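Enquirer: If you want the numbering used here, it's the 1-based position in the sequence shown plus 1.
Take a look at the following structure, please.
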Amino acid sequence: GWKMEDVMEEEIKVIRGMVGPQDHVICALSGGVDSTVAATLVHKAIGERLHCIFVDNGLLRYKEQERVMETFEKDLHLPVTCVDASVRFLSELKGVTDPEKKRKIIGKEFIAVFDAFAHDLEKKLGKKPTYLVQGTLYPDVIESCPPPGSGKTHSHTIKSHHNVGGLPKDMKLKLIEPLKLLFKDEVRELGKILDVPVSFLKRHPFPGPGLAVRIPGDVTQGNALDILRQVDEIFIQAIKDAGIYDEIWQAFAVFLPVKTTGVQGDQRTHSNAVALRAVTSHDGMTADWYYFEHKFLDDVSRKICNSVRGVNRVCLDITSKPPSTIEWE
Ligand code: XMP
């Protein structure tokens, strides 16, 4: 077996050999493990010639921007520009209900924001950035099963609907993919050596389109985003407090675009329902719904209805994948 320290040293050598002393490199950080570890590694190799961007698309979880920016800056000292683009994303998404249309709009807006960042950077530097870092992993790289004994292949396609995805073609950026021979657990190991906080390395996966795929229909309806953020935060915090976060592949709340009757205090209410979803999985391709203890569910349900205005009903999603997908859209 190879030692992860050796892998790191080797990768740093490769990156330094590839990126010339005048070259500049950009990286889009999603807040996930892969892009964070990839950027941290490249930063170690070439320092301030790396320029990262983190985009707030208005579809992030409760305090997500603050939390990840704190890790990027305080823990990892990464040079990151945080762009709050929530207004443009949400105005483009207004009234759009088709899930694939929603994904397309989010992808298109992301490219526009990234493009603007790259052009600003070009003005500042007086030259075009040359390279783009991507956190592509080995499982993303495998086009088909490589023939036995051929070792790991370099040819690849990036899964279309997953991750940050397509980037402007006219920019002609060359790719740096320092994780492309690693599996997820190896990336976590590498991250540890690079001093990425362990709690960060254990974060559940989060989809690129964010909360948009957890609000069936129009993302901008009513207070959906705000309600969803509060419910999700209570649910995740309870999971952490119960010590079961690491047993779960993904856990999250879903906003249900339906109002039902409730009685709260001495009043009848007509408010939204929410669903809770938690699954175990190895790779996200198949998943089983997670068995919570009844007491846990009871506590969470009460807490949500007592503290989130606009919610009077909590449901639990008890479907596995297949037949359901993990996300609701
Ligand atoms: P599904 O919902 O298809 O999800 O069972 C499998 C895994 O992929 C994530 N997912 C996405 N990730 N962009 C992403 O970057 C997407 O459009 C997207 N859709 C689903 C999902 O969170 C789960 O981990």
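The beta-carbon is built from N, C-alpha and C at its ideal position, and this holds for glycine as well.
Computed from a prediction, not measured in an experiment: that's the story for all the values here.
(1) Below 8 Å on the Cβ atoms is my guess for A46 versus C28; work out the distance and round it to an integer in Å.
(2) CA-CA distance, R62 and S321?
(3) Please report the distance separating the alpha-carbon of D141 from that of L30.
(4) With the cut-off set at 8 Å, would you say I194 and M9 are in Cβ contact?
(5) In this structure, how does DSSP classify I159 when only helix, strand and coil are distinguished?
(6) Does T1 come out as helix, strand or coil in the three-state DSSP assignment?
(7) Would you kindly report the start and end of the unbroken beta strand (DSSP E) that includes Q23?
(8) Look up Y132 in the DSSP assignment and give the residues it is bridged to.
(9) Apart from the five residues just before and just after D24, which ones in its own chain have a Cβ nearer than 6 Å to its Cβ?
(10) Thinking just about the alpha-carbon of each residue, which of D299, E294, V315, V38 is nearest to the one in L180?
(11) For L91, which of H271, R68, E110 has the nearest alpha-carbon?
(12) To the nearest angstrom, how far is it from the Cα of W329 to the Cα of R215?
(13) Measure from the alpha carbon of L212 to the alpha carbon of each residue in A254, D242, P198, then state which is nearest.
(14) Going by alpha carbons, who is nearest to A295 out of M172, E6, L126, A243?
(15) Name the residue from V81, K75, D284, D76 whose alpha carbon lies nearest to the alpha carbon of V56.
(16) Buried or exposed: which applies to T262, given that a residue is buried once 16 or more other Cβ atoms fall within 10 Å of its Cβ?
(17) Assuming contact is defined by CB atoms lying nearer than 8 Å, are W250 and V220 in contact in what I supplied?
(18) Check whether the segment 12-24 and the segment 114-122 touch, using three or more Cβ-Cβ pairs below 8 Å as the test.
(19) Tell me which residues share the same chain as H283 and place their Cβ nearer than 7 Å to its Cβ, disregarding the 5 neighbours each side in the sequence.
(20) Got a sec? Which residues, its chain only, sit under 6 Å from T72 by beta carbon, not counting five neighbours each side?
(21) DSSP state of I54, grouped into three classes?
(22) Hey, which unbroken runs of the beta strand (DSSP E) at 3 residues or more fall wholly within the segment 271-322?
(23) If you compare alpha carbons, which of Y291, L42, N58 is closest to D85?
(24) Does the distance between the C-beta of K322 and the nearest non-hydrogen atom of the ligand GTP fall short of 7 Å?
(25) To the nearest angstrom, how far is the alpha carbon of D247 from that of G127?
(26) Below 7 Å, is the gap between the Cβ of L23 and the nearest heavy atom of the ligand XMP?
(27) According to the neighbour-count rule (16 or more other Cβ atoms, all chains shown, within 10 Å of its Cβ), is P324 buried or exposed?
(28) Leaving out five residues before and five after V232 in sequence, what residues of the same chain have Cβ atoms less than 6 Å from its Cβ?
(29) On the criterion of 16 or more Cβ atoms from any shown chain inside 10 Å, does K241 qualify as buried, or is it exposed?
(30) Looking at the structure shown, is T37 part of a helix, part of a strand, or coil, going by DSSP?
(31) Give the single residue among G218, I143, K173, K103 whose Cα lies nearest to the Cα of F184.
(32) Since P210 and I107 are thought to touch, with beta carbons under 8 Å apart, how far apart are those beta carbons, to the nearest angstrom?
Expert: Concretely, from the data shown:
(1) The Cβ separation is near 12 Å, so there is no contact.
(2) 24 Å
(3) 17 Å
(4) yes
(5) Low local confidence applies: a pLDDT of 35 at I159 is under 50, so the model's placement there is unreliable, with the coordinate-based value given in what follows. I159: coil per DSSP, three-state reduction.
(6) No answer is possible for residue 1: the residues shown for the chain start at 2 and end at 330.
(7) That residue, Q23, is in no beta strand (DSSP E); it is neither H nor E in DSSP.
(8) V26, K175
(9) T131
(10) V38
(11) E110
(12) So the two alpha carbons sit approximately 6 Å from each other.
(13) A254
(14) Residue identity check: residue 295 is His in the sequence provided, not Ala. Here the closest residue by C-alpha is A243.
(15) V81
(16) exposed
(17) The criterion of a C-beta distance shorter than 8 Å is not satisfied by W250 and V220.
(18) no
(19) none
(20) F201
(21) The DSSP-derived three-state label of I54 is strand.
(22) 312-317
(23) N58
(24) Among the ligands in the structure shown, the ligand GTP does not appear; only the ligand XMP can be found there.
(25) 46 Å
(26) What sits at residue 23 in the sequence shown is Gln, not Leu. No, the beta carbon of Q23 sits no closer than 7 Å to any heavy atom of the ligand XMP.
(27) exposed
(28) A254, V275, I305, V309
(29) exposed
(30) helix
(31) I143
(32) 5 Å
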